[in-house]
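First comes the structure, then the notes that go with it.
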Amino acid sequence: MDGLAVDVVTGWSAVAWLAAWSVPLSIVDLRTGRLPSSMVNRLLAGLVVLTLAGGLASGSMRPIVWSLVGAAAFGGLLLAVRGLAGDGLGGGDVRLAVPLGWFLGNTAEDWTDIVNAVAVALLIAAVGALVASGVRRRWRQPLAFGPWLCLGALLAGVA
């Protein structure tokens with residue numbers, strides 16, 4: 004298989020993997036307000052395996068390098084936000100940003116791709132969370148942000 008075919012197969016496999024894990028992660032977060040590390044770690048492990056397989060099959064380290072950059076960028080950004088916002092953002096959301104950043108970095112060609120993808124994902128997540136808060140009309144009650152992060156990353160990743 005040539006490099007383009009490998010990228011297409013592993014790319015869509017990553018979309019399917021993220022979509023498949025987004026459902027149970029979202030359900031658990033909505034019900035409990037928690038994102039279990041064991042589930043987030045399995046999501047990340049699957050994405051890493053797919054990226055490594057694609058990189059080895061195509062002979063290119065690009066997806067692996069940019070996935071690492073994406074994971075560090077998205078995870079680091081949400082860690083900084085959590086540090087500034089205190090309890091406004093949970094540790095599970097920060098942990099979830101790492102596999103989501105890995106996913107977004109997988110298709111990146113440079114820094115601007117990662118910045119744009121993370122910005123789109125966060126914008127979608129913020130709009131979704133605001134709408135959900137408005138519908139509930141209880142602004143002080145904690146809101147599950149994980150489902151919105153997953154949706155934002157999926158939409159940004161396939162755009």
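Taking the working numbering, the leading residue of the sequence shown gets 4, the next gets one more, and so forth.
We treat Cβ as the ideally placed atom computed from N, Cα and C, and that holds for glycine.
- A direct Cα-Cα distance of roughly 14 Å separates Thr115 from Ala124.
- For Asp96, the enclosing alpha helix (DSSP H) begins and ends at 94-108.
- Here the C-alpha atom of Leu146 lies approximately 18 Å from the C-alpha atom of Ala156.
- It is roughly 20 Å from the alpha-carbon of Val161 to the alpha-carbon of Leu55.
- For the set Ile30, Phe148, Leu47, Arg85, the Cα lying nearest the Cα of Leu107 is the one of Leu47.
- Between Gly57 and Met64, the C-beta gap is not smaller than 8 Å, which leaves the two residues out of contact.
- Taking 8 Å as the cut-off, the beta carbon of Leu133 is found no closer than this to the beta carbon of Leu99.
- Gly131 is not a Cβ neighbour of Leu38, given a cutoff of 8 Å.
- Comparing alpha carbon positions, the residue from Ser29, Gly36, Ala23 closest to Asp90 is Gly36.
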